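Residue numbers (the UniProt record's numbering): 1 to 324. Note that beta-carbon positions come from the ideal geometry of N, C-alpha and C, so glycine has one too. As the structure is a prediction and not an experimental result, all values here were calculated from the model.
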């Protein structure tokens with residue numbers, strides 16, 4: 001239930017979400033210039049996909065991409081929950097070895113946490129691939145199909161099918177979604193038995209197998225300047241520590257408000273990422289529910305991928321970014 005309060009030109013709105021109350025200030029501020037969507041529209045979008053966004057973020061450290069004055073203003077990448085957050089907000093402490101610093105990051109366990117973040121001008125949610133119970137041990141392997149500037153989305157589609165074939169050969173279940181941009185992401189649930197370095201090694205071994213099967217379309221070349229601008233980069237480095245990508249159901253910070261949206265494998269050949277927006281995804285979610293809801297029941301053991309990695313390393317195939 002929403003009620004208005006205050007006497008300003010754009011009165012605040014109070015939302016009752018389960019047993020929490022979140023006050024939305026400046027609800028009429030336009031966040032998305034192309035569509036005219038406001039801060040309150042963004043709130044209502046996240047409410048409409050509540051089960052999906054909570055499932056995507058559940059118990060994960062989460063970096064927030066904030067736009068305090070809308071997309072036309074400054075973008076803030078925020079790791080630390082600010083002082084003055086409500087006492088019911090859930091956080092998790094993470095350590096950054098490179099800087100020898102800690103940060104208490106948002107750790108979503110209920111929808112009110114998401115809406116609080118939107119009140120704080122968050123548009124995009126970028127969770128870690130670990131959970132609060134084992135922050136140093138990923139339980140999510142992320143396959144990022146990242147097209148270079150001249151790479152067509154038809155090529156992204158073709159490579160997605162190759163990735164699906166490799167996953168099938170491994171006995172792994174992949175859960176695709178649009179990136180909200182020009183690429184696709186595929187998630188695989190894994191047991192939290194290995195650290196970031198091993199999961200990244202496994203991801204690189206997988207990427208190289210995809211490259212072997214589609215050498216004219218795929219690259220795993222580390223340095224961007226050395227990649228074919230028409231190729232698709234399988235970005236294994238998204239599994240490195242403190243690397244994050246937009247979650248399922250996260251709105252992206254672009255003028256149209258596209259959404260990183262779960263899709264089925266059968267949809268890949270016809271799906272256009274630009275069709276999934278704040279305006280279209282709520283009805284899709286109401287009809288289909290959360291297409292990633294079964295991920296926790298499909299846990300994959302990456303040990304075979306680590307065998308592939310060891311084989312590649314024995315053959316002298318090195319990883320120039322291994323110390324990243």
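Item, Value
"Is it the case that the stretch 236 to 250 contacts the stretch 149 to 158, given that we only count it when at least three CB pairs across the two stretches are under 8 Å?", "no"
"How big is the Cα-Cα spacing for residue 316 and residue 111?", "48 Å"
"Round the Cβ separation of residue 163 and residue 171 to the nearest angstrom and send it over; I've been treating them as touching at under 8 Å.", "The Cβ separation is near 14 Å, so there is no contact."
"Using CA atoms only, rank isn't needed, just tell me which of 77, 302, 21, 100 is closest to residue 87.", "21"
"Work out the CA separation of residue 257 and residue 123 for me, nearest whole Å.", "9 Å"
"Roughly how far, in whole angstroms, is the beta-carbon of residue 407 from the beta-carbon of residue 252, given that I think they are within contact range, below 8 Å?", "This structure cannot speak to residue 407, because the chain is shown only from 1 to 324."
"Any idea if residue 96 is buried or exposed, counting beta-carbon neighbours within 10 angstroms, 16 or more meaning buried?", "exposed"
"Just to confirm before moving on: does the CB-CB distance between residue 64 and residue 108 stay below 7 Å?", "no"
"Rounded to the nearest angstrom, how far is the Cβ of residue 118 from that of residue 218, given a contact under 8 Å?", "Wrong, their Cβ atoms sit about 37 Å apart, outside the cutoff."
"Could you check where the beta strand (DSSP E) with residue 176 kicks off and where it finishes?", "175 to 178"
"With a Cβ-Cβ cutoff of 7 Å, do residue 128 and residue 61 count as a contact?", "yes"
"For residue 198, which residues of its own chain have a beta-carbon under 7 Å away from its beta-carbon, when the five flanking residues on both sides are left out?", "306"
"Grab the span of the alpha helix (DSSP H) containing residue 122 for me, first residue to last.", "Premise fails: residue 122 lies in the beta strand (DSSP E), 122 to 127, not in any alpha helix (DSSP H)."
"Within 7 Å (strictly less), CB to CB, does residue 209 reach chain B?", "Looking for chain B here will not work: only one protein chain is present."
"Going along the chain, which residues of its own chain have a beta-carbon closer than 7 Å to the beta-carbon of residue 51, five neighbours each way excluded?", "290"
"Which same chain residues, not among the five before or five after residue 312, have their C-beta less than 7 Å away from its C-beta?", "205, 208"
"Bridge partners of residue 46, per DSSP?", "Residue 46 is not bridged to any residue."
"Using alpha carbons as the reference points, say which of 308, 182, 186 lies closest to residue 212.", "308"
"Can you list, in chain order, the residues of its chain whose CB lies under 7 Å from that of residue 269, leaving out five sequence neighbours each side?", "157"
"Are the CB atoms of residue 132 and residue 92 within a distance shorter than 7 Å?", "yes"
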